[in-house]
């Protein structure tokens, strides 16, 4: 009976090994293809996200430039508090680490910029907002 059991194991072993060999070969091919396509997809996503961040920062910098121009022409155009907030926004925009996108603080800095911008526009009674940034999570998913 022991001899019969060994023959059954020997009979099935090549098919098990063949299955494992094909599995490993498929995994290796898929992994290598994934590395190539993954890098290209990551590059495309990085370019898109980088462009969006640059566009949003440019919008805020443009607003700061306009407001600072108004202040240089007429010191009394805005209250001291609004002028201080504009200067703080300008400092936040300058502090954004453009050359280091992996900085863990980029999201925090962008949220501070957005908040400071809302404070300024609310103080001015202006209905001004950056239109390029998606406002719903549904849009965020669709953009990807």
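In UniProt numbering, the protein residues as written are 1 to 144.
Positions of the beta carbon are idealized from the N, C-alpha and C atoms, including for glycine.
Bear in mind that the values here come from a model prediction, so they are computed numbers and not experimental data.
8 Å contact criterion, which residue i and residue j should meet: CB distance rounded
i: residue 35; j: residue 82; result: With 8 Å as the limit, residue 35 and residue 82 do not qualify as a contact, their Cβ atoms being about 52 Å apart.
i: residue 127; j: residue 85; result: Incorrect: roughly 17 Å between the Cβ atoms, too far for contact.
i: residue 101; j: residue 50; result: 7 Å
Cβ-Cβ distance between residue i and residue j below 9 Å
i: residue 63; j: residue 92; result: no
i: residue 57; j: residue 98; result: yes
i: residue 52; j: residue 132; result: yes
i: residue 70; j: residue 78; result: yes
Extent of the continuous alpha helix (DSSP H) run through residue i
i: residue 116; result: 106–124
i: residue 84; result: 80–95
Residue i classed as buried or exposed, judged by whether at least 16 other C-beta atoms fall within 10 angstroms
i: residue 120; result: buried
i: residue 136; result: Because residue 136 sits at a pLDDT of 42, beneath the cut-off of 50, its placement in the model cannot be relied upon, and the following sentence gives the value as read from the coordinates. Exposed is the call here.
i: residue 96; result: buried
i: residue 23; result: exposed
i: residue 138; result: Note that residue 138 has pLDDT 44, beneath the 50 cutoff, so the model's placement of it is unreliable and the number below is only indicative. So residue 138 counts as exposed.
i: residue 113; result: buried
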